[in-house]
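According to this note's numbering, the sequence shown is numbered sequentially starting from 54. Reading through the structure tokens given below for one structure.
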Amino acid sequence: MGQIEDLRLFVKVVDSGGIARAAEEMNIAKSAVSRRLAQLEDRYSIRLIDRQPRVWEVTSAGQELYLRASQMVAEVNELDADFSQVGHTLMGPLSITIAREFGLAYLKPTLFKFAQDHPNIDLTVDFDDRTVDLDSENYDLAVRVTATELHGLNCRRLGATRHGLFASRGYESARGLPESIEELTDHPLLHYGPERRATWAFEHDGKRRAVKFRPTLRSNYGTFLLDAALNDDGIIRLPLFVVDSQVQEGNLVPVLAHLKHAEYGIYVVHSSKRRLNKRMRAMMDALSKSCDPLNR
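Printed below as a string of structure tokens:
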């Protein structure tokens, strides 16, 4: 057996929580696992697992080797998968976390098509607005929408979007629309976020303007606020990708359209500790293609 196979065995033993279970999962004799583990310890002249009657504990040296070996074994597994799939269908696990509003409002058709085009990929899609730790939470990719440039990270810019102010035609008919920033606070404002006292910032004539107000309604779910606006409940400030379809259908109208809102970049990010495999590249290419309209 080569060194990689011995390290793969060690990782399996630690992951399984014991020699007997690892042997069962690998379909080899328990004695063979014990012997190869002992040989690995002899090679490094160090105890990796403290195994005594009623005691089974990975040593500090074993924990360090496990962390480094896990990465190495994962790299080799990905290498084998990539080159065994040359000219064949992609297969294996792929997990991605996506900013909730953008994913649900814009990326669903792309994700559905990707799953149909690659039925042998075990795809997991989570929608979450927090900044997920890709390493500790074991995600391959993350799609993030942020006003901050992601310098120094392994990322691909997919596009950009801006926010806007909107109200329903029913609201316009019943209450009218503000004609200046100062008039905004005369209207019920629907705010994305938990703040009881909120601030909306704009740029007008090259100057930054801000409006501080107490929201009539606030939520961390943009689609809920969109529905509230369509229900004639007030004025919303949301990303264009959330409201575009309703604006195109004439259900929403822009409010103070001359105001300039901050641009938000849309990125797909992967960990610097993970090699970009074929499954990840296929997903990134699909996302880039679907976001082409955002770059026009």
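Just so you know, even glycine gets a beta-carbon here, dropped at the ideal spot from N, CA and C. Fair warning: this is a prediction, and the values are worked out from it, not measured in the lab.
Give the DSSP bridge partners of residue i, in chain order.
i      : result
Cys344 : Partner(s): none; Cys344 has no beta bridge.
Arg210 : Tyr320
Gly217 : Leu291
His257 : Lys260
Phe266 : Ala251
Ile81  : Beta-bridge pairing links Ile81 to no other residue.
Val198 : Ile319
Pro146 : Asp175
Glu302 : According to DSSP, which records beta bridges pairwise, Glu302 is partnered with nothing at all.
His244 : Arg271
Arg104 : Trp109
Lys313 : Glu256
Phe180 : Ile151
Pro307 : Phe219
Near residue i, which residues of its chain fall below 8 Å by C-beta distance, leaving aside the five closest residues on each side in sequence?
i      : result
Gly246 : Arg271, Asn273
Asp181 : Thr150, Ile151, Ala152, Arg153
Met79  : Leu62, Lys65, Val86
Ile57  : Met125, Val126, Val129
Leu432 : The structure shown does not extend to residue 432, since the chain is modelled only from 54 through 349, so no value can be given for it.
Glu248 : Pro268, Arg271
Can you give the beta carbon distance from residue i to residue j, rounded, assuming they're within the 8 Å contact cut?
i      : j      : result
Thr112 : Arg96  : With a Cβ gap of about 15 Å, Thr112 and Arg96 do not count as contacting.
Ala263 : Thr276 : Rounded, the Cβ-Cβ distance is 26 Å, inconsistent with contact.
Leu194 : Val322 : 7 Å
Gly303 : Arg222 : 7 Å
Leu143 : Ser324 : Wrong, their Cβ atoms sit about 20 Å apart, outside the cutoff.
Leu147 : Asp175 : 7 Å
Arg290 : Leu218 : 5 Å
I'd like to know whether the C-beta atoms of residue i and residue j end up nearer to each other than 9 Å.
i      : j      : result
Lys331 : Thr163 : no
Leu118 : Leu60  : yes
Ile288 : His257 : no
Arg250 : His314 : no
Tyr317 : Thr199 : yes
Lys282 : Phe167 : Residue 282 is actually Ala in this sequence, not Lys. Not a contact, by the Cβ cut-off of 9 Å.
Leu230 : Val306 : yes
Trp109 : Gly71  : yes
Asp345 : Gly145 : no
Ala91  : Lys83  : no
Tyr335 : His171 : Note that residue 335 corresponds to Ala in the displayed sequence, not to Tyr. Yes. Within cutoff.
Could you pull out every residue in the same chain whose Cβ sits closer than 6 Å to the Cβ of residue i, ignoring the five residues on either side in sequence?
i      : result
Tyr320 : Arg197, Leu203, Cys208, Arg210
Asn191 : none
Ala158 : Phe294, Val295
Tyr224 : Asp285
Thr177 : Ser148
Ser123 : Val64
Leu312 : Phe255, His257
Thr238 : Phe266
Under the rule that 16 or more other beta-carbon atoms within 10 Å means buried, what is residue i, buried or exposed?
i      : result
His244 : buried
Ser298 : exposed
Pro292 : buried
Arg267 : exposed
Leu120 : exposed
Val308 : buried
Arg261 : exposed
Gly115 : buried
Phe165 : exposed
Ala73  : exposed
Arg327 : buried
Kindly list the residues whose CB is nearer than 7 Å to the CB of residue i, restricted to its own chain and excluding five residues on each side of it in sequence; keep chain order.
i      : result
Thr269 : Pro241, Leu242, Leu243, Gly287
Leu93  : Asp59, Phe63, Leu101
Leu329 : His323
Ser69  : Ala75, Glu78
Ser98  : none
Val67  : Val111, Tyr119
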